[in-house]
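One structure is given below, encoded as structure tokens.
Protein chains: 2
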Amino acid sequence: MCNKNGVEWSIRVGDGSSMALEPEHTHEVTRLWDRLKGLVVRFVTRVWMFLKKAWDLGVDDPRKFFHCLKVGVALIFVSLFYYMRPLYDGVGGSAIWAVMTVVVVFEYTVGGTLYKCLNRICATFLAGFLALGIHWIASHTGHQFEPYIMGISIFILASATTFSRFIPIVKARYDYGCTIFILTYSLVSVSGYRVDHLLHMAHERLSTIIIGTCLCIITSMVVFPVWAGLELHLLVPRNMDKLAKSLDCCADDYFGHGNEESKKNLQGYNCVLNSKASEESMANFAQWEPAHGRFNFRHPWKNYLKIGASSRSCAYCIETLTSCLASKNQVPESIKNHLESACMNLSSSSSNVIRELATTVSTMTRSVKIHMAVKDMKNAVKELQNDLKSLSDLLIQPNDHEEKYEPNDITIMPLLEVIPLVSFASLLIETASRIEENMMKAVEELAESARFKQPEDEVNLKKNQRAKNNVSNEENAIALQLV
Amino acid sequence: MCNKNGVEWSIRVGDGSSMALEPEHTHEVTRLWDRLKGLVVRFVTRVWMFLKKAWDLGVDDPRKFFHCLKVGVALIFVSLFYYMRPLYDGVGGSAIWAVMTVVVVFEYTVGGTLYKCLNRICATFLAGFLALGIHWIASHTGHQFEPYIMGISIFILASATTFSRFIPIVKARYDYGCTIFILTYSLVSVSGYRVDHLLHMAHERLSTIIIGTCLCIITSMVVFPVWAGLELHLLVPRNMDKLAKSLDCCADDYFGHGNEESKKNLQGYNCVLNSKASEESMANFAQWEPAHGRFNFRHPWKNYLKIGASSRSCAYCIETLTSCLASKNQVPESIKNHLESACMNLSSSSSNVIRELATTVSTMTRSVKIHMAVKDMKNAVKELQNDLKSLSDLLIQPNDHEEKYEPNDITIMPLLEVIPLVSFASLLIETASRIEENMMKAVEELAESARFKQPEDEVNLKKNQRAKNNVSNEENAIALQLV
Chain C
64 MCNKNGVEWS IRVGDGSSMA LEPEHTHEVT RLWDRLKGLV VRFVTRVWMF LKKAWDLGVD
124 DPRKFFHCLK VGVALIFVSL FYYMRPLYDG VGGSAIWAVM TVVVVFEYTV GGTLYKCLNR
184 ICATFLAGFL ALGIHWIASH TGHQFEPYIM GISIFILASA TTFSRFIPIV KARYDYGCTI
244 FILTYSLVSV SGYRVDHLLH MAHERLSTII IGTCLCIITS MVVFPVWAGL ELHLLVPRNM
304 DKLAKSLDCC ADDYFGHGNE ESKKNLQGYN CVLNSKASEE SMANFAQWEP AHGRFNFRHP
364 WKNYLKIGAS SRSCAYCIET LTSCLASKNQ VPESIKNHLE SACMNLSSSS SNVIRELATT
424 VSTMTRSVKI HMAVKDMKNA VKELQNDLKS LSDLLIQPND HEEKYEPNDI TIMPLLEVIP
484 LVSFASLLIE TASRIEENMM KAVEELAESA RFKQPEDEVN LKKNQRAKNN VSNEENAIAL
544 QLV
Chain G
64 MCNKNGVEWS IRVGDGSSMA LEPEHTHEVT RLWDRLKGLV VRFVTRVWMF LKKAWDLGVD
124 DPRKFFHCLK VGVALIFVSL FYYMRPLYDG VGGSAIWAVM TVVVVFEYTV GGTLYKCLNR
184 ICATFLAGFL ALGIHWIASH TGHQFEPYIM GISIFILASA TTFSRFIPIV KARYDYGCTI
244 FILTYSLVSV SGYRVDHLLH MAHERLSTII IGTCLCIITS MVVFPVWAGL ELHLLVPRNM
304 DKLAKSLDCC ADDYFGHGNE ESKKNLQGYN CVLNSKASEE SMANFAQWEP AHGRFNFRHP
364 WKNYLKIGAS SRSCAYCIET LTSCLASKNQ VPESIKNHLE SACMNLSSSS SNVIRELATT
424 VSTMTRSVKI HMAVKDMKNA VKELQNDLKS LSDLLIQPND HEEKYEPNDI TIMPLLEVIP
484 LVSFASLLIE TASRIEENMM KAVEELAESA RFKQPEDEVN LKKNQRAKNN VSNEENAIAL
544 QLV
């Protein structure tokens, strides 16, 4: 309508030039039309950009598309209970609960789905039985007390359960179960007062929920499963690799070897800083998952969180390190040259250790090279410390042409100019010590509790290399969705 | 049963000493009994500890207790639709939806409740209409096509909506709405094929949901409301204060002025590092809240996130700073004394700026003292830089007893021993520059967009001080729940 009116007006404007009676009005009309056109164009562009972004999101990680199709398929399957008469007669009108279960319970990862399914079933079961029991007691106390007993019990149980959701461990593992517990208890006890065929209702609700959850579990586990455990197992070493790259790029950039590519990689530590929440939720979901791939049921997922925390502690250091880059030009070239090789050495050997640890985690095989790498890193630290020690000599430059020093002849290079480089170097040393103390320890703990394989000989080594390549292929396939 | 058996056995053991026939068996029994007793005791202790912790959680923040009572009261109210006949006859059997709504929708903060309520109502409305429309179209194409059309439409809509949940902005604001949309559409269209009084059902569901949501909104907004916006408004300056305290304690500890109290406060920056997720969820919920207290409907909550991010960037620096504390004893006392006053000055003036900014945020009044504080901080930076400059002289100590220097007479203090202090100082300078560049800017932006009051004269100043005191009282009351 608006559009059409606009067109009419603009035509009027076209031949309105002869009609000098209302020039202001026509002006206003064109302005309004222009503004309207602008609005529509902007709106369409925005919607288009939004859709394009959404599409890119799916193209980057096709498993997201698969997940959506899986939800659709599961819903169609559960609708069959309604559409096909024989099934319908079997389960009755409460097939609605099965539909509801599928919609509410189906999550992206297997662990998430299992968490919700198990919580839903257990909470429904528990609340149903409790409601039946209290209903039975209440019905034996006389009809006039019944609503009071039921009301008070709802009040107490709902309040207590709501409170339990504030407790961190309950919140993490049974939050959904708490909601379902209150829900089922209220529904069963409230309808119990009315409906009278309470047991039948509880049974029906439970059976339809079981149908729904089974469908969800099967669909999520069989068709292109996304295991939260595997995601976590890939995310943690990927983050470590990013950290290593950041560290390398930081040193490169400081000594002027950086390029566009390295400037981009430099920001990798940000991913590490921001991945705490996703790591925690994945570890939480992974605990619900059965054995899959190379992981047992009781795989120590908590240890991955420790490695994540140690990565973050290194990332804090690297974040501070990057702020040194701003002052890199203040440092005299001679001093820079003096420390360059030691700094580059330390950063590359540190990132080597991180990479080696990442490989250990991703291949689940103890590394033969790690001790060598750590030794290299320690040597590099010593080398840098020595270079820092000899820096004092460099700071005091004798005037060449004289044999004997007079106090005034000593040119002392201003220490202030050297400080940025000194603090850069000492941050590098601090990063190395955090890698050794936190990250190595965390990986060692994981290797211990997950019983990582021992590398036996060269043949085994090659095998592991191949396995690692497979992992990185897997990784590439699902690369961007976790970023 | 077990317990009783155990007691019997232990008595048998008592007089079993004369019965030498089965000593091994009785030994086993006592061992079993002991183990059982141990198990029970451990279980009881664990449950007791758990309950005690839970109770402390509530005592620390009584609003958690109130929230639980509120949920209970709301549930009792909604149950009245069932228990009281006249109401029941009005709304019909689907009052179950009202109960369900209350259980699912009631959140701790007003913003959370509103987010869920509005999402639920809008999504139900939209999905209901869409389902009715498609059902109408399908019913006009002939009976045999109807299930196929409905099935395909469910599949497409469910997949598309599930996909939209991967888009970050949809996930943050409409995640719950998406679930309810799929749920309602499936329920209405699936039951539509069976029940035939579709319009009636959609209307009933909508009206009961509105009853439930209204009850939730009123309860959460009127009885001891917990505003997500206010929580965020208190959390951000509280975190800044913690940061300031950490910085102070860090410098105190380095120069040996620390005590037990300061060691505890030193860890305050950890709260800042870990509060990203809670800040984001609060800002998200706050956007749904109406005007309350000193906040308009369109209060710029996003700016609080920026201040939070700038606090974290300072916290990274302070985290690195604390790792310098380990090496504080390596530095010679003379050098430490040389830099002590400048370092202490810079840390205290930096923390002063942070505190002043925190006061600006919490009182929503531009500070008159902030420019002075920043000037102090800049002067302290210059002072420290000068002291670092003159450090070079200190490093070269002439041997007192000689008038003329020979090259070998110059004692050069090893630079390596000074490096920890130098990097400590340069990290302090970096922290100061981050405070000035990030935090000041973020607070300035908030002051701009939230139109903070201008301090006019001394009278106003005093008023603000009083307002600030009130805020900190509020803060104390709800202190621990956000940590």
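Read top to bottom, the protein sequences are chains C and G.
For the first sequence, my numbering assigns the number 64 to the initial residue and increments by one for each residue that follows.
For the second sequence, my numbering assigns the number 64 to the initial residue and increments by one for each residue that follows.
Ideal Cβ positions, reconstructed from N, Cα and C, are used throughout, including at glycine.
Boundaries of the alpha helix (DSSP H) harbouring residue 371 of chain G: 364-387, taken from the DSSP string.
DSSP, read as helix, strand or coil, puts residue 432 of chain C in coil. Only those residues of the region 162-182 of chain G whose C-beta falls short of 7 Å from the nearest C-beta of chain C are listed: 162, 163, 166, 167. Proximity of residue 360 of chain C to chain G, defined by a Cβ-Cβ separation below 8 Å, is not satisfied. Less than 8 Å divides the Cβ of residue 140 of chain C from the Cβ of residue 278 of chain C.
Here residue 374 of chain C has 299, 302, 303, 306, 335, 502 as same chain residues with Cβ atoms under 8 Å from its own Cβ, once five neighbours each way along the sequence are excluded.
Chain-ordered listing is empty here: chain C has no CB closer than 9 Å to the CB of residue 317 of chain G, the nearest sitting near 15 Å. The shortest CA-to-CA distance from residue 382 of chain G to any of C:134, C:510, C:490, C:191 is the one to C:490.
According to the DSSP secondary-structure assignment, residue 516 of chain C is paired through a beta bridge with C:428. Along the region 286-318 of chain G, none of the residues has a CB nearer than 8 Å to a CB of chain C. For the region 381-410 of chain G, the residues whose beta carbon sits under 7 Å from a beta carbon of chain C are, in order, 382, 383, 386.
Remark: fewer than three beta-carbon pairs, one from each stretch, lie closer than 8 Å, so the region 272-286 of chain G and the region 391-410 of chain G are not flagged as touching. Rounded to whole angstroms, the Cβ separation of residue 436 of chain G and residue 453 of chain G is 26 Å, and the two are not in contact under 8 Å.
At a cut-off of 8 Å between C-beta atoms, residue 448 of chain G counts as an interface residue with respect to chain C. Fewer than three beta-carbon pairs drawn from the region 101-112 of chain C and the region 215-229 of chain G are found closer than 8 Å, and the two stretches are therefore not classed as touching.
Inter-residue distance for residue 296 of chain G and residue 480 of chain G is about 45 Å (C-alpha atoms, whole angstroms). Look at the region 188-222 of chain G: the residues with a C-beta under 7 Å from a C-beta of chain C are 210, 214, 217, 218, 221, 222. In this structure the region 413-422 of chain C does not touch the region 315-329 of chain C; the number of beta carbon pairs closer than 8 Å is below three. Considering only beta carbons, no part of the region 425-439 of chain C lies closer than 7 Å to chain G.
Under the DSSP assignment, residue 347 of chain G falls in the alpha helix (DSSP H) whose first and last residues are 339-349. The DSSP-derived three-state label of residue 130 of chain C is helix. Per the DSSP secondary-structure output, residue 355 of chain G pairs in a beta bridge with G:358. In this chain, the alpha helix (DSSP H) harbouring residue 184 of chain G covers 173-202. Residue range 291-317 is occupied by the alpha helix (DSSP H) that includes residue 308 of chain G.
Against chain G, the beta carbon of residue 275 of chain C has no neighbour under 7 Å; the closest one sits roughly 12 Å away. Collapsing the DSSP output to three states places residue 418 of chain C in a helix.
For the 8 Å CB-CB criterion, residue 492 of chain C and residue 444 of chain C form a contact.
Interface residue (Cβ-Cβ distance to chain C less than 8 Å): residue 129 of chain G is not classified as such.
Chain C has a Cβ within less than 8 Å of the Cβ of residue 139 of chain G. Of the residues assessed, residue 483 of chain G falls on the buried side of the cut-off, its CB having 16 or more other CB atoms within 10 angstroms.
The Cβ atoms of residue 291 of chain G and residue 343 of chain G lie no closer than 8 Å to each other. At least one CB of chain G lies nearer than 8 Å to the CB of residue 490 of chain C.
Residue nearest to residue 160 of chain G within the set G:393, G:267, G:253, G:421 is G:267 (criterion: CA-CA distance). In the three-state reduction of the DSSP assignment, residue 121 of chain G falls in the helix class, which pools H, G and I. Among the residues of chain C, those whose CB is under 7 Å from the CB of residue 379 of chain G are 379, 382, 383, following chain order.
Rounded to whole angstroms, the gap between the alpha carbons of residue 449 of chain C and residue 406 of chain C is 12 Å.
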